[in-house]
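Q:
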Amino acid sequence: MRKRTLFRLATGTAALGAATLAYASLVERNMFTLRRYDVPVLPADAEPLRVLHLSDLHMTPNQGRKQRWVASLAALDPDLVVVTGDNMAHPGAVPGVLRALQPLLDYPGAFVFGSNDYTGPVWKNPFTYFLPDREYTEGAELPHEELRDVLTGAGWADLNNARTVVKAGGRAVELLGVDDPHIERDDYDSVAGPVSPAADLSIALTHSPEPAVLDRMAADGFGLLLAGHTHGGQVCVPGVGALVTNCGLPRSMARGLHRWPGSDSWLHVSAGLGTHPTAPVRFACPPEVSVLTLIPR
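Heads up: take any position in the sequence shown, counting from 1, add 298, and you land on my numbering.
In structure tokens form, the structure reads like this:
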């Protein structure tokens with residue numbers, strides 16, 4: 299009797315695990331979701347401004363469904379499009395990324411790169427993400443300069459350790475960005491300084507939301523901080539949330555909109571649209587894009 303009970307328990311556990319894996323890899327991974335947030339960062343009498351925030355596409359050439367879904371977002375008619383890195387996951391990904399982003403290139407835009415824009419993915423034990431000091435392993439070089447040329451050629455601002463002002467929604471938007479802190483390509487000193495009083499609003503970008511970088515952005519007065527990288531935890535526990543962020547950000551801030559501690563700034567972390575190709579699963583954390591409607595304080 300005891301052996302039969304243990305066998306049934308083991309069989310049931312295995313079946314549940316298989317069903318969960320199938321759901322995470324075949325269903326939720328493709329449940330592209332549009333999030334909407336109101337962010338109170340504008341002066342009292344200002345008209346709202348819509349920012350479309352995309353991150354972590356991790357595109358491979360054959361992901362036509364993802365490409366078509368992203369391209370359809372042009373129907374939202376955003377005032378500004380912001381992409382916070384990790385666009386590619388394959389040396390041949392640039393055409394797929396462009397099929398996804400092409401309709402959005404008609405709008406004002408800006409971008410920073412992430413580590414997976416520079417080098418491709420390599421297999422890794424997923425449990426190493428719980429190790430804070432794990433060694434970063436590079437894969438094959440990716441065509442990031444080709445992607446950069448296309449995006450800047452369309453008029454988008456390259457904010458990898460850069461700062462500029464763009465016109466969006468009839469407003470002067472001051473933008474600042476750093477290259478990916480996750481692989482120590484950031485150089486905040488080269489862009490540091492208080493926001494311009496002549497700008498109508500200010501937005502700062504980074505791929506990996508490292509607190510040291512976010513602290514400096516907030517201290518310089520940037521009202522909205524945008525990041526990706528965390529995948530929202532990618533595999534979460536219902537009722538608990540993310541188990542890891544793969545950076546210094548607290549797990550409670552792994553995705554969504556939060557007030558950045560000790561400042562008047564807001565942080566939005568996108569859970570992103572893709573997955574690491576060697577771990578193509580999502581659970582309790584569907585892929586997402588966000589529309590941030592900036593409204594008066």
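All C-beta atoms, glycine included, are put in the ideal place defined by N, C-alpha and C.
How would you label N600, buried or exposed, when you count the other beta carbons within 10 angstroms and need 16 or more for buried?
A: Absent from the model: residue 600. The displayed extent of the chain is 299 to 595, so no value can be given.
Q: Closest to S550 by C-alpha separation, out of D562, V535, G451, would be which residue?
A: Position 252 of the sequence shown holds residue 550. The residue from D562, V535, G451 with its alpha-carbon nearest to that of S550 is V535.
Q: Could you give the distance in angstroms between the alpha-carbon of P389 and the alpha-carbon of P419?
A: Reading the sequence shown from its first residue, position 91 is the one you call residue 389. Reading the sequence shown from its first residue, position 121 is the one you call residue 419. Those two C-alpha atoms are separated by around 10 Å.
Q: In terms of residue numbering, what span does the beta strand (DSSP E) encompassing T331 cover?
A: For the purposes of this step, residue 331 is identified with residue 33 of the sequence shown, where counting begins at 1. Per DSSP, T331 is one residue of the beta strand (DSSP E) stretching across 331-340.
Q: Taking the alpha-carbon positions, what's the P578 to R348 distance?
A: Numbered from 1 along the sequence shown, position 280 holds the residue referred to as residue 578. Numbered from 1 along the sequence shown, position 50 holds the residue referred to as residue 348. Spanning the two alpha carbons is a distance of roughly 31 Å.
Q: To the nearest whole angstrom, what separates the beta carbons of H480 and D354, a pair I think is in contact under 8 Å?
A: Position 182 of the sequence shown, counting from 1, holds the residue named residue 480. Position 56 of the sequence shown, counting from 1, holds the residue named residue 354. In fact, because the Cβ distance is near 12 Å, the residues do not count as touching under 8 Å.
Q: Which same chain residues, not among the five before or five after N414, have their C-beta less than 7 Å away from its C-beta?
A: As a working note, residue 414 is residue 116 in the sequence shown. Only H356, D384, M386, A387 meet the Cβ criterion.
Q: With a 10 Å radius around its C-beta and 16 neighbouring C-beta atoms as the bar for buried, classify E439 as buried or exposed.
A: If you number the sequence shown from 1, residue 439 lands on position 141. By the neighbour-count rule (16 or more Cβ atoms within 10 Å), E439 is not buried but exposed.
Q: Quick check on K364: buried or exposed, where buried means 16 or more other Cβ atoms within 10 Å of its Cβ?
A: The residue you call residue 364 lines up with position 66 of the sequence shown. Looking at its Cβ environment, which holds 16 or more other Cβ atoms inside 10 Å, K364 is buried.
Q: Compute the Euclidean distance between the alpha carbons of T417 and F411, then round it to the nearest angstrom.
A: The residue labelled residue 417 in the question sits at position 119 within the sequence shown. The residue labelled residue 411 in the question sits at position 113 within the sequence shown. Going from the Cα of T417 to the Cα of F411 covers about 11 Å.
Q: Taking R327 and P585 to be in contact with their CB atoms under 8 Å, please state how far apart those CB atoms are, rounded to whole angstroms.
A: On the sequence shown, position 29 is the one that residue 327 refers to. On the sequence shown, position 287 is the one that residue 585 refers to. Right, the Cβ-Cβ distance comes to about 7 Å (below 8 Å), so this counts as a contact.
Q: Considering only the alpha carbon of each residue, which of V471, S506, E508 lies closest to V493?
A: Residue numbering aside, residue 493 sits at position 195 when the sequence shown is read from its first letter. Of the listed residues, the one whose Cα sits closest to V493 is V471.
Q: Here's the rule I'm using: 16 or more other beta-carbon atoms within 10 Å means buried, otherwise exposed. How should R366 be labelled?
A: Here residue 366 refers to the residue found at position 68 of the sequence shown. The residue in question, R366, is exposed, as its Cβ has fewer than 16 Cβ neighbours within 10 Å.
Q: From D336, M329, H442, V325, pick the residue whose C-alpha is nearest to that of G554; which is it?
A: As a working mapping, residue 554 is identified with position 256 in the sequence shown. Out of D336, M329, H442, V325, D336 has the C-alpha closest to the C-alpha of G554.
Q: How about the segment 505-522 and the segment 559-575: do they share at least three Cβ pairs that are nearer than 8 Å?
A: yes
Q: Going by C-alpha to C-alpha distance, which of V379, N459, L473, V489 sits closest to A497?
A: Residue numbering aside, residue 497 sits at position 199 when the sequence shown is read from its first letter. Of the candidates V379, N459, L473, V489, the one whose C-alpha sits nearest the C-alpha of A497 is L473.
Q: Could you round the C-beta distance between V339 and R595 to whole angstroms and report it? I think they count as a contact, below 8 Å.
A: Start at 1 with the first residue of the sequence shown, and residue 339 comes out as number 41. Start at 1 with the first residue of the sequence shown, and residue 595 comes out as number 297. With a Cβ gap of about 7 Å, V339 and R595 count as contacting.
Q: Only counting the same chain, and skipping five residues up and downstream in sequence, which positions put a Cβ closer than 6 Å to that of N458?
A: Within the sequence shown, the letter at position 160 stands for residue 458. For N458, where only same-chain residues beyond five positions count, the Cβ hits under 6 Å are V410, F411, D477.
Q: So what does H442 bridge to, in DSSP terms?
A: If you number the sequence shown from 1, residue 442 lands on position 144. Note: H442 sits in no beta bridge, so no partner.
Q: When DSSP labels each residue in this structure, what does S550 get in the three-state scheme?
A: Walking along the sequence shown from the start, residue 550 turns up at place 252. If DSSP states are grouped into helix, strand and coil, S550 belongs with the helices.
Q: If you draw a straight line from the alpha carbon of A452 to that of D343, how long is it in whole angstroms?
A: In the sequence shown, the residue the question calls residue 452 occupies position 154. In the sequence shown, the residue the question calls residue 343 occupies position 45. One C-alpha to the other measures close to 32 Å.
Q: Where do the N-terminal and C-terminal ends of the alpha helix (DSSP H) with G362 fall, by residue?
A: Indexing the sequence shown from 1 puts residue 362 at position 64. Looking at the DSSP string, the run of the alpha helix (DSSP H) that includes G362 is 362-370.
Q: How many Å lie between D447 and G537 at the Cα?
A: Position 149 of the sequence shown holds residue 447. Position 239 of the sequence shown holds residue 537. The alpha-carbon of D447 is positioned some 43 Å away from that of G537.
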